[in-house]
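A.B. asks: Okay, handing you the structure first.
Chains as they are written, first to last, in the numbering used here: chain A, 1 to 504; chain B, 1001 to 1096.
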């Protein structure tokens, strides 16, 4: 039977139950209008076809994983592998949250063509979590310092850097279910995952991490269908003019929200976890996100009355400094993480200055200081030397040092009796529209203010099996590893900085 | 749209391997203005034409063994444009 014939037959099985009302069935309602519209599923997905495709993908990928566990294919690059301890820790939770989001959408959105796509996507997201856990397991068995990979899933739930991705997915899974489709399928999966899963797969391969390259590509082959789900949802919504202002609101919010989260992750991984350098993360983002997505996809929505996102110019200019500001935060706070980093060397400086003119003037001093704070015998901690961590944005949970620490757009604002801090106009506007959506997030200071750093590290669980040595280290191959005692001697207590100037 | 230029490139990225290599060679042979780039872990096929058509019958002949839309979708890592999956082909178009 042909795909189209089987697809139509499967659709005809759909029925409206008589033993439950529409309200009881949907549980969560949506503010978007979906009655009387004609949806289209460009992939024509149904279970038989779906299982056949996924089996084919899994057969190919897991055969490679099995072979890699037996063969010695050479040692991958240390900076890349250590960076992936942090990188992979964030993915599993994001995928699982996406699966939850798809379940909500399948129950909320009535047209069967869209529901089928969402149901398959829910299964995909679970598959992705499994694939990522399996590559973490592979790295635990094959990488010379497996510590850090073993806590990846736990770290995704508690590390200060992962707050950025946690807050993103918590926002996604608690928004209107159809708005979730715009955030997840249009912005995360159409705009940004191409760069991550396809673009960064070249980096993984170039750095000897073939298993991650295969994992990223087999995941993105499902994302290709999710992109089609996003377009199917969007093109269905666009048939009813009453949806246009709500779509615009969702576009305005999620363009900024994903730029500050997934977009920032792409920039950090693409520039700072590599040694074999080709394109900069800025060049990759311009090509995959701004040329392909905004120039090739978003622009076609203008004929429906959709305007460009309000912060588009700022999103582009942010790319000049975004990876560098993210890096001084992540690596400046290294003891609260669970991976090693070697610091930048002269080759890195030269390349960064070429790709990002002005890099050394603004960030060189941090890296010179970092390189002087590596040896535990010296008792000097870069985190203390830089004056501790900055404030965190209540919406995106980034530190308020963007686009660059000296030109930060941080501000404070009162809501009720409480003071909240934001990194930008974009995040403050999002908060102002739905403050109750964001007031509850506990940031690093809410959890650890007043505690001495070694206590914080112990509470986070980022200590090796001997109970005294830190998982994270500020060097790939140090002469001696930092211990909790070394940290205690530095005597650093977590202090919340004063709020920035008010701008309400 | 501010600094953004309209972009009408249609592209497909295939997971690297023998299968991707055969499909890329075939597309170069069948269509003018198709640019294939080896990106290491994946192969990129791009055109400025309004569409890219991956025809299962043509691919089957090039492979020398039975092929299907499902198998093609297993190596299609991503695409730029608007996709349509049919019984005997997969089309990626500039316009949705």
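Just so it is clear, CB atoms sit at the ideal spot from N, CA and C, and this is done for glycine as well.
Note that the coordinates shown come from a computational prediction; the quantities given were computed from them, not determined experimentally.
1. Leaving out five residues on either side along the sequence, give the residues of the same chain with a beta carbon under 6 Å from the beta carbon of residue 274(A).
2. Give the interface partners of residue 3(A) over in chain B, defined as CB-CB distance under 8 Å, in chain order.
3. Excluding five sequence neighbours on each side, which residues of the same chain lie with their C-beta closer than 6 Å to the C-beta of residue 168(A)?
4. Taking residue 272(A) as the reference, which of 366(A), 312(A), 301(A), 342(A) has the closest Cα?
5. Over what stretch of residues does the beta strand (DSSP E) that includes residue 1089(B) continue unbroken?
6. Could you compute how far the alpha carbon of residue 107(A) sits from the alpha carbon of residue 359(A)?
7. If you check the beta carbons only, do residue 32(A) and residue 229(A) fall under 7 Å apart?
8. How many angstroms separate the CA atom of residue 405(A) from the CA atom of residue 325(A)?
9. Could you please give the first and the last residue of the uninterrupted beta strand (DSSP E) stretch that includes residue 162(A)?
10. Are the CB atoms of residue 338(A) and residue 157(A) within a distance shorter than 7 Å?
11. Using the C-alpha atoms, what's the distance from residue 421(A) back to residue 500(A)?
12. Determine which residues share a DSSP beta bridge with residue 1034(B) and list them.
13. DSSP on residue 34(A), reduced to helix/strand/coil?
14. What's the C-alpha gap between residue 199(A) and residue 284(A)?
15. Just confirm the distance between the C-beta atoms of residue 97(A) and residue 172(A), as a whole number of angstroms; I'd bet it's less than 8 Å.
16. Could you round the C-beta distance between residue 327(A) and residue 268(A) to whole angstroms and report it? I think they count as a contact, below 8 Å.
17. Under 7 Å between C-beta atoms, does residue 1040(B) make it to chain A?
18. Quick one: measure Cβ to Cβ for residue 450(A) and residue 494(A), integer angstroms, because I've assumed they're closer than 8 Å.
19. Answer yes or no: do residue 490(A) and residue 381(A) have a C-beta to C-beta separation smaller than 7 Å?
20. Under 6 Å Cβ to Cβ from residue 469(A), same chain only, skipping five residues before and after it: list those, please.
21. With DSSP as the reference, please indicate the residues paired to residue 1011(B) in a beta bridge.
22. In angstroms with no decimal places, state the Cα-to-Cα distance between residue 1012(B) and residue 443(A).
23. Which residues of the stretch 108–121 of chain A have a Cβ closer than 8 Å to any Cβ of chain B? Give them in chain order.
24. For residue 29(A), which of helix, strand or coil comes out of DSSP?
25. For residue 43(A) and chain B, any beta-carbon pair shorter than 7 Å?
26. Quick test of your reading: residue 291(A) and residue 1089(B), contact by CB under 8 Å. State the CB separation rounded to the nearest angstrom.
27. Could you have a look at residue 409(A) and say whether DSSP puts it in helix, strand or coil?
28. Looking only at its chain, what residues have a beta carbon closer than 8 Å to the beta carbon of residue 208(A), apart from the 5 residues adjacent to it on each side?
29. Taking Cβ-Cβ distances shorter than 8 Å, what residues in chain B pair up with residue 300(A)?
30. Closest Cβ-Cβ distance between residue 52(A) and chain B: below 7 Å?
31. Looking at the secondary structure, which residues open and close the beta strand (DSSP E) in which residue 422(A) lies?
32. Return the residue from the list 320(A), 112(A), 286(A), 246(A) that minimises the CA-CA distance to residue 304(A).
33. Reducing DSSP to helix, strand and coil, say where residue 493(A) ends up.
34. Report, in whole angstroms, the separation of the C-beta atoms of residue 50(A) and residue 126(A), which I expect to be a contact under 8 Å.
35. In the DSSP assignment, find the unbroken alpha helix (DSSP H) run with residue 445(A) in it and report its ends.
36. Is residue 1006(B) close to chain A? Criterion is C-beta to C-beta, closer than 7 Å.
C.D. replies: Taking the coordinates as given:
1. Contacts found: 203.
2. By Cβ distance, chain B contributes 1069, 1085, 1086, 1087.
3. If we look at residue 168(A) and ignore the five residues flanking it on each side, its Cβ neighbours are 261.
4. For the set 366(A), 312(A), 301(A), 342(A), the Cα lying nearest the Cα of residue 272(A) is the one of 342(A).
5. Start and end: 1089–1093.
6. Whole-angstrom Cα-Cα distance: 49 Å.
7. Between residue 32(A) and residue 229(A), the CB-CB gap reaches or exceeds 7 Å.
8. Residue 405(A) and residue 325(A) have their alpha carbons spaced roughly 7 Å apart.
9. Per DSSP, residue 162(A) belongs to no beta strand (DSSP E) and is neither H nor E.
10. Taking 7 Å as the Cβ cut-off, residue 157(A) and residue 338(A) do not qualify as a contacting pair.
11. Rounded to whole angstroms, residue 500(A) to residue 421(A) spans 8 Å at the Cα level.
12. Answer by DSSP bridge pairing, in chain order: 1047(B).
13. It is coil, neither helix nor strand.
14. Rounded to the nearest angstrom, the two C-alpha atoms are 8 Å apart.
15. The beta-carbon separation of residue 97(A) and residue 172(A), rounded to 7 Å, stays under the 8 Å limit for a contact.
16. Contact flag correct, Cβ pair sits at about 6 Å.
17. Yes - at least one Cβ of chain A is within 7 Å of the one on residue 1040(B).
18. So it is a contact: roughly 7 Å between Cβ atoms.
19. Yes, Cβ-Cβ distance for residue 490(A) and residue 381(A) is below 7 Å.
20. Counting only Cβ-Cβ distances below 6 Å, and skipping sequence neighbours, we find 481, 483.
21. Residue 1011(B) pairs with 1046(B), 1080(B).
22. Distance between the alpha carbons of residue 1012(B) and residue 443(A): 41 Å.
23. Within the stretch 108–121 of chain A, no residue places its CB atom closer than 8 Å to a CB of chain B.
24. Correct three-state label for residue 29(A): coil.
25. Under the Cβ distance rule, residue 43(A) counts among the residues neighbouring chain B, one pair being separated by less than 7 Å.
26. Between residue 1089(B) and residue 291(A) the Cβ distance is about 27 Å, and since that is not below 8 Å, they are no contact.
27. Coil, per DSSP.
28. Correct list, in chain order: 73, 74, 75, 76, 77, 80.
29. Under the 8 Å cutoff, chain B gives 1095, 1096.
30. Closer than 7 Å to some Cβ of chain B, the Cβ of residue 52(A) qualifies, so yes.
31. Annotation for residue 422(A): the continuous beta strand (DSSP E) segment containing it runs 418–422.
32. Nearest option by C-alpha distance: 246(A).
33. Looking at residue 493(A) - three-state DSSP - the assignment turns out to be strand.
34. Not really, about 13 Å apart at Cβ, beyond 8 Å.
35. Note, residue 445(A): alpha helix (DSSP H), 444–448.
36. So, interface residue.
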